[in-house]
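In order, the protein sequences belong to chains A and B.
Taking the numbering used here, the leading residue of the first sequence gets 102, the next gets one more, and so forth.
Taking the numbering used here, the leading residue of the second sequence gets 43, the next gets one more, and so forth.
Some notes on the structure that comes next.
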Amino acid sequence: MNKGKRLLAYSRPYWRSLTASLVMILGMTLALNYLPLLLRRITDECFEKTDTAAAERIALLIRLGMIYLLYAGLGHLVRYVQSMLTAWIGQKIIYDLRLDVFRKVLRMHQGFFDKTAVGTLMSRATSDIDRLQHFVTEGVVGSIADLAMLIGIMGYMLYMSPLLSFSIFTTLPFLFAVMLYVNIRLRNANRDIRDRQSRLNALVQEDLTGMTTIQLFNREAYAMVEFDDRNSHLRSAYFDEVRWFSLYFPAIEAGQTIAVLITLAVGGFAILNGSEAVTIGTFIAFLAYVQNFFHPLGSLSDKAGAFQVALASTERIFSLLDSEEAIIDPEEPLAPDRIAGAIAFNKVWFAYNESHWVIRNLSFSVEPGQSLAVVGATGAGKSTIINLIGRFYDVQQGAVTIDSTDVRQFAKHDLRARLGYVFQDPFIFTSSVADNIGLNNPGISRNDIIRAARTVNAHDFIDAMPEGYDTVLNERGNGLSLGQKQLLVMARTLAQDPELLFVLDEATASVDTATEMLIQDALGKLMANRTSIVIAHRLSTIRHADRILVMRQGELVDQGTHDELMARDGYYRQLYELLLHSPDQ
Amino acid sequence: MPYFVRLVIEGLETHTLTAGQLWKLIALFAATGTIGIFFSRLIRYIPLRLSHRIEYTLRNDLFEHLTRLDQSFYRTERTGDLMTKLSSDMNIIRDSIGQGLLQGTRTLITMVSASIVMFIADPRLTGLMFSVFIPMTIIFFLVLKLVRRYQQAMQEHVSEVSNFCHESFSGIRCIKGFAMERRRTGQFEELNHELIRKTMRMQASRQSLWPFMAFCFNLGTILIFISGGRRIIDGTLTIGTLTQFTYYLFYMRWPLLALSWVMSMLQRGKVSWIRVRDILETEPAIAEREESISDPSKPNASIAFRKVSLSIGPRELLSDIDLEIPAGTTIGITGPTGSGKTLLTSLVARLQDPTSGTVEIGGIDIRNLSLATLRGMIGFAAQEPVLFSRTLEHNIGFGVENPDMGIIGWAAEIAHLQGDIETFPDRYQTILGERGVTLSGGQRQRTSISRAIARRPDILILDDVLSAVDTQTEAAIMKKLQPVMAERTTLFVSHRVSTLRYSDTIVVIENGRITQQGTHDELIRQPGYYAELNTMQQLQEKLEGGK
Numbered sequence: 102m103n104k105g106k107r108l109l110a111y112s113r114p115y116w117r118s119l120t121a122s123l124v125m126i127l128g129m130t131l132a133l134n135y136l137p138l139l140l141r142r143i144t145d146e147c148f149e150k151t152d153t154a155a156a157e158r159i160a161l162l163i164r165l166g167m168i169y170l171l172y173a174g175l176g177h178l179v180r181y182v183q184s185m186l187t188a189w190i191g192q193k194i195i196y197d198l199r200l201d202v203f204r205k206v207l208r209m210h211q212g213f214f215d216k217t218a219v220g221t222l223m224s225r226a227t228s229d230i231d232r233l234q235h236f237v238t239e240g241v242v243g244s245i246a247d248l249a250m251l252i253g254i255m256g257y258m259l260y261m262s263p264l265l266s267f268s269i270f271t272t273l274p275f276l277f278a279v280m281l282y283v284n285i286r287l288r289n290a291n292r293d294i295r296d297r298q299s300r301l302n303a304l305v306q307e308d309l310t311g312m313t314t315i316q317l318f319n320r321e322a323y324a325m326v327e328f329d330d331r332n333s334h335l336r337s338a339y340f341d342e343v344r345w346f347s348l349y350f351p352a353i354e355a356g357q358t359i360a361v362l363i364t365l366a367v368g369g370f371a372i373l374n375g376s377e378a379v380t381i382g383t384f385i386a387f388l389a390y391v392q393n394f395f396h397p398l399g400s401l402s403d404k405a406g407a408f409q410v411a412l413a414s415t416e417r418i419f420s421l422l423d424s425e426e427a428i429i430d431p432e433e434p435l436a437p438d439r440i441a442g443a444i445a446f447n448k449v450w451f452a453y454n455e456s457h458w459v460i461r462n463l464s465f466s467v468e469p470g471q472s473l474a475v476v477g478a479t480g481a482g483k484s485t486i487i488n489l490i491g492r493f494y495d496v497q498q499g500a501v502t503i504d505s506t507d508v509r510q511f512a513k514h515d516l517r518a519r520l521g522y523v524f525q526d527p528f529i530f531t532s533s534v535a536d537n538i539g540l541n542n543p544g545i546s547r548n549d550i551i552r553a554a555r556t557v558n559a560h561d562f563i564d565a566m567p568e569g570y571d572t573v574l575n576e577r578g579n580g581l582s583l584g585q586k587q588l589l590v591m592a593r594t595l596a597q598d599p600e601l602l603f604v605l606d607e608a609t610a611s612v613d614t615a616t617e618m619l620i621q622d623a624l625g626k627l628m629a630n631r632t633s634i635v636i637a638h639r640l641s642t643i644r645h646a647d648r649i650l651v652m653r654q655g656e657l658v659d660q661g662t663h664d665e666l667m668a669r670d671g672y673y674r675q676l677y678e679l680l681l682h683s684p685d686q
Numbered sequence: 043m044p045y046f047v048r049l050v051i052e053g054l055e056t057h058t059l060t061a062g063q064l065w066k067l068i069a070l071f072a073a074t075g076t077i078g079i080f081f082s083r084l085i086r087y088i089p090l091r092l093s094h095r096i097e098y099t100l101r102n103d104l105f106e107h108l109t110r111l112d113q114s115f116y117r118t119e120r121t122g123d124l125m126t127k128l129s130s131d132m133n134i135i136r137d138s139i140g141q142g143l144l145q146g147t148r149t150l151i152t153m154v155s156a157s158i159v160m161f162i163a164d165p166r167l168t169g170l171m172f173s174v175f176i177p178m179t180i181i182f183f184l185v186l187k188l189v190r191r192y193q194q195a196m197q198e199h200v201s202e203v204s205n206f207c208h209e210s211f212s213g214i215r216c217i218k219g220f221a222m223e224r225r226r227t228g229q230f231e232e233l234n235h236e237l238i239r240k241t242m243r244m245q246a247s248r249q250s251l252w253p254f255m256a257f258c259f260n261l262g263t264i265l266i267f268i269s270g271g272r273r274i275i276d277g278t279l280t281i282g283t284l285t286q287f288t289y290y291l292f293y294m295r296w297p298l299l300a301l302s303w304v305m306s307m308l309q310r311g312k313v314s315w316i317r318v319r320d321i322l323e324t325e326p327a328i329a330e331r332e333e334s335i336s337d338p339s340k341p342n343a344s345i346a347f348r349k350v351s352l353s354i355g356p357r358e359l360l361s362d363i364d365l366e367i368p369a370g371t372t373i374g375i376t377g378p379t380g381s382g383k384t385l386l387t388s389l390v391a392r393l394q395d396p397t398s399g400t401v402e403i404g405g406i407d408i409r410n411l412s413l414a415t416l417r418g419m420i421g422f423a424a425q426e427p428v429l430f431s432r433t434l435e436h437n438i439g440f441g442v443e444n445p446d447m448g449i450i451g452w453a454a455e456i457a458h459l460q461g462d463i464e465t466f467p468d469r470y471q472t473i474l475g476e477r478g479v480t481l482s483g484g485q486r487q488r489t490s491i492s493r494a495i496a497r498r499p500d501i502l503i504l505d506d507v508l509s510a511v512d513t514q515t516e517a518a519i520m521k522k523l524q525p526v527m528a529e530r531t532t533l534f535v536s537h538r539v540s541t542l543r544y545s546d547t548i549v550v551i552e553n554g555r556i557t558q559q560g561t562h563d564e565l566i567r568q569p570g571y572y573a574e575l576n577t578m579q580q581l582q583e584k585l586e587g588g589k
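Here it is in structure tokens:
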């Protein structure tokens with residue numbers, strides 16, 4: 102089995118610990134299952150041998166009792182150590198696997214994330230891995246321990262009385278079958294419950310979001326009928342589960358009763374018939390074994406079913422680990438010390454989905470230190486330009502070059518470390534303000550962070566926060582306005598000191614005029630002395646750019662300075678006038 | 043049952059047992075065993091079934107109550123939280139009833155009956171057993187408490203790890219853009235190391251429970267053997283009684299431990315119950331007045347706002363709105379985003395009540411109408427409509443009792459939806475949503491228009507329902523919608539001058555106040571929001587036309 106082998110490979114680094122764990126299982130089995138044997142000796146040698154002196158028998162009783170305690174203590178101690186060791190191995194294996202998944206996801210190309218929902222990735226990294234962890238620690242090692250326990254008990258029983266043992270063992274296959282059957286029915290019932298619960302949840306989710314609609318259209322009674330329908334479905338699945346669950350433990354009890362019954366009958370008649378093979382001690386030892394017998398049996402039948410669930414998770418995890426990475430680093434990437442900053446597009450064609458071209462035959466160049474503004478209506482392909490330079494996607498035809506080198510000749514990581522981005526929706530990490538600016542980059546000191554924040558006008562509001570730069574923000578950027586978040590993100594970009602800068606500048610209606618001024622000022626400082634490309638919506642940024650690229654449906658329509666383009670009285674002028682009248686300016 | 047085992051052993055011990063007696067004892071053992079198993083099943087079956095019945099009823103009650111609560115409730119409660127209350131809180135309550143009842147009765151029955159039988163059989167051994175079990179139970183409780191605490195710490199860390207994952211996956215653009223993959227992985231490694239530490243700490247306490255208990259059981263057994271053994275050697279006790287006791291030892295260990303479990307279960311059940319009860323006790327803010335039912339006839343469909351203001355929290359969102367809408371006229375409402383247009387329309391359907399002032403329909407304060415009468419008069423279509431994951435037919439006929447295909451087809455035709463429907467695999471029977479056809483924004487809006495007009499309402503409210511539709515389709519829809527709108531009182535929210543011009547009166551709302559009011563021709567001549575909007579949209583048309 103390929104998947105099993107691959108999973109097994111993850112346990113290889115821990116083979117020593119695994120072996121130790123197995124040895125401990127062996128020791129524990131021997132020690133713990135020896136205990137009923139001691140009870141037999143006590144019964145037979147202390148209680149039954151009436152010909153020996155009482156004092157002598159009491160001394161033996163106490164000595165055997167001490168040995169019993171010692172074995173019990175040792176056995177359980179080993180059991181404890183063993184279970185801890187197993188848990189540790191399981192944790193380590195899962196740690197390795199989870200990290201592999203995490204690294205893999207971070208390596209995947211942007212196109213992958215366009216197609217894969219974050220929720221799906223999350224369930225790989227969390228619930229699938231958890232299921233696997235459960236399986237590895239409790240499933241595999243647990244089964245071995247259960248099996249060892251079972252074999253140990255059976256061995257001792259056979260040693261004491263083959264006759265009694267065989268008569269009890271004959272019932273085992275039948276019992277195991279019953280338990281497995283009940284277990285399977287129980288699992289089916291549980292699956293039904295999950296299905297119906299999620300069907301109910303889907304309905305409730307939808308009804309709760311659409312409650313206003315339901316109320317507006319007077320459909321409350323109808324919604325109730327539907328809810329009741331699914332709710333009673335769920336109830337009947339639960340009833341089914343109760344039916345089988347209420348059989349499970351009684352089935353184990355029945356097994357125990359039958360085993361005791363057999364012991365009583367077979368053993369009783371053996372003693373009655375004066376057989377030497379069975380003593381009262383044996384009798385008592387057997388009664389003790391029978392009690393311990395059914396716990397491992399039950400848990401084995403339980404694990405047999407869990408195996409399949411774990412297998413499905415394994416398959417999903419490995420298929421994620423095997424998914425193809427589309428944007429690959431070259432064998433020998435170029436890593437120049439410093440980039441001058443000349444960017445050029447050379448007859449570039451690009452489509453996110455095949456056949457639907459977003460960029461058509463685009464050529465342009467930016468001189469080092471220049472600022473370029475890209476304008477055009479929504480869907481003109483403006484932001485795609487930025488995506489292509491950072492190798493979030495690779496072009497289908499033509500080439501994107503930096504200092505006349507094709508970007509595909511750089512390593513992605515190295516390339517992007519030189520680029521700085523300001524996105525339109527600022528992403529805030531759950532972390533302190535300082536870490537959100539410095540991004541845990543060891544090369545950026547607290548002073549650098551503060552300087553960057555000062556430069557982009559973010560220092561004042563950061564300083565006013567309860568713990569200043571150490572205030573912890575959450576993913577939604579609690580308490581910060583959108584404008585403040587944008588300033589924070591600019592400070593972040595500035596602190597990273599990129600060699601090339603890309604700005605997605607979306608004028609936003611919800612930023613007040615004062616903050617808007619701060620943002621424009623910050624943008625200007627950020628762009629100073631850097632090659633920068635701005636996807637521009639603000640008139641001020643457009644006017645101040647060294648050159649303007651006018652795009653329409655993936656094609657370059659016109660380029661030049663603001664004055665040149667205005668003089669031409671073409672598409673640019675119309676766009677500009679529209680912006681002038683837009684309420685957001 | 044242990045008593046029969048004892049009799050067998052005693053008989054064998056003293057060699058007084060005959061084959062017939064042995065058979066009899068075995069038969070008795072089997073009989074009591076069967077009865078025991080039967081009861082063991084019942085004691086599970088009855089309380090668990092009962093608990094599921096209770097869960098079912100409670101869940102129905104809660105949902106029914108939720109259908110009566112209004113927008114102000116749904117604004118403050120997150121859907122996710124409500125979902126939790128309807129699912130996991132329900133489950134906890136059910137478990138605390140079912141398992142509480144089951145384990146509670148079981149523990150009680152076993153403990154009481156076993157104690158009595160044991161005490162009769164041999165008080166000294168009974169005392170010995172309790173002296174082992176009581177400290178064991180106490181220690182077990184304490185360790186369990188520790189386990190819970192560690193488990194919670196671990197659980198918190200688990201959600202921290204998963205939040206970190208979530209953040210990394212959803213912020214992937216930012217992470218890649220700043221080339222932070224390696225640092226991010228490093229942080230993730232650290233988090234996971236800490237997780238291992240916390241897990242192992244939890245395991246260290248949890249894994250000790252089972253060996254500890256098993257050891258106590260061994261301890262109990264050997265103590266009984268040593269103490270009882272001395273008396274056997276003295277001849278004052280039989281091996282049979284001894285065996286009987288080891289049996290009780292076996293029976294008693296679970297119920298005692300289950301006790302602690304039941305206690306914590308009840309506690310959690312109580313917390314969940316309080317959370318559910320809080321919702322059940324929330325009174326809907328939009329309630330019908332007692333006397334409202336007195337007027338069964340529908341009023342005429344004129345609408346009037348009289349000095350209406352609405353505040354939510356400290357913010358005044360609508361101030362001093364005075365507006366008369368005669369029956370059968372169409373009123374266009376426009377204004378910047380967030381100025382209060384949608385709120386104004388929602389007042390008519392009593393999705394909320396104004397803070398001061400009144401809204402009247404046909405001269406009657408709408409608070410004096412029953413909700414069924416009021417909403418029965420209204421067809422409402424919102425900008426971002428909620429559609430249900432059912433067939434298209436179901437969605438369009440949603441507001442109509444026993445809808446027929448005639449009405450549904452007519453409504454689809456008016457909203458210019460028929461062409462789209464022809465392309466769907468199962469036409470009107472097509473399921474919407476993830477499991478079927480995902481509609482585009484424009485299709486969703488048009489479905490919502492069909493849903494609203496299928497009711498043939500007296501008052502039609504269309505809240506920016508054509509924002510996701512392109513200009514040509516919009517013109518086509520408006521042409522068909524015109525006669526439908528003319529027959530009834532229509533409130534029409536839009537940003538497009540091209541559609542607003544169809545209305546009898548246009549109202550401009552800025553910052554919660556009416557700033558302009560008049561016909562299209564009047565308003566384009568006034569300087570202000572409407573004239574600006576008009577100029578901008580003409581420019582835009584020119585731009586698009588140049589393609």
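Note that CB positions come from ideal geometry on N, CA and C, so glycine has one too.
Note that this is a predicted model, so its numbers are computed, not measured.
Contacts with chain A at 9 Å (Cβ-Cβ) do not include residue 303 of chain B. In this structure, residue 85 of chain B and residue 148 of chain B form a Cβ contact; the two beta carbons are roughly 6 Å apart against a cut-off of 8 Å.
Here residue 527 of chain B is buried: its Cβ has 16 or more other Cβ atoms, across all protein chains shown, within 10 Å. Ranking A:274, A:330 and A:658 by CA distance to the CA of residue 105 of chain B puts A:330 first. Contact between residue 132 of chain A and residue 170 of chain A is ruled out by a C-beta separation of about 12 Å, above the 8 Å threshold.
Using a CB distance cut-off of 9 Å, residue 444 of chain B does not count as an interface residue toward chain A. The three-state reading of DSSP puts residue 209 of chain A in coil, since its state is none of H, G, I, E or B. Of the candidates A:416, A:118, A:492 and A:563, the residue whose Cα lies closest to the Cα of residue 431 of chain A is A:492. For residue 427 of chain B, the closest Cβ of chain A is nearer than 9 Å. Residue 204 of chain B reaches chain A at 223, 226 and 227, counting residues in chain order whose Cβ is nearer than 8 Å. Between the beta-carbon of residue 333 of chain A and that of residue 98 of chain B there is about 7 Å, and that keeps the pair under the 8 Å contact cut. Exclusion of the five residues before and after residue 418 of chain A leaves 198, 202, 225, 229, 230 and 233 as the residues of its chain whose Cβ lies within less than 8 Å of its Cβ.
Interface residue (Cβ-Cβ distance to chain B less than 9 Å): residue 587 of chain A is not classified as such. Under the 9 Å criterion on CB atoms, residue 150 of chain B is classed as non-interfacial with respect to chain A. Per the Cβ contact rule, the stretch 138-146 of chain B is not in contact with the stretch 108-116 of chain B (fewer than 3 Cβ pairs under 8 Å). Chain B has no Cβ within less than 9 Å of the Cβ of residue 482 of chain A. With a contact defined as Cβ atoms closer than 8 Å, residue 530 of chain B and residue 418 of chain B miss out at about 14 Å. Within chain B, 264, 267 and 268 have C-beta atoms less than 7 Å from the C-beta of residue 166 of chain A, given in sequence order.
Ranked by Cα distance from residue 268 of chain B, the options B:288, B:251 and B:249 are led by B:288. For the pair residue 383 of chain A and residue 261 of chain A, the CB atoms are nearer than the 9 Å cut-off.
Not a single C-beta of chain B is nearer than 9 Å to the C-beta of residue 250 of chain A.
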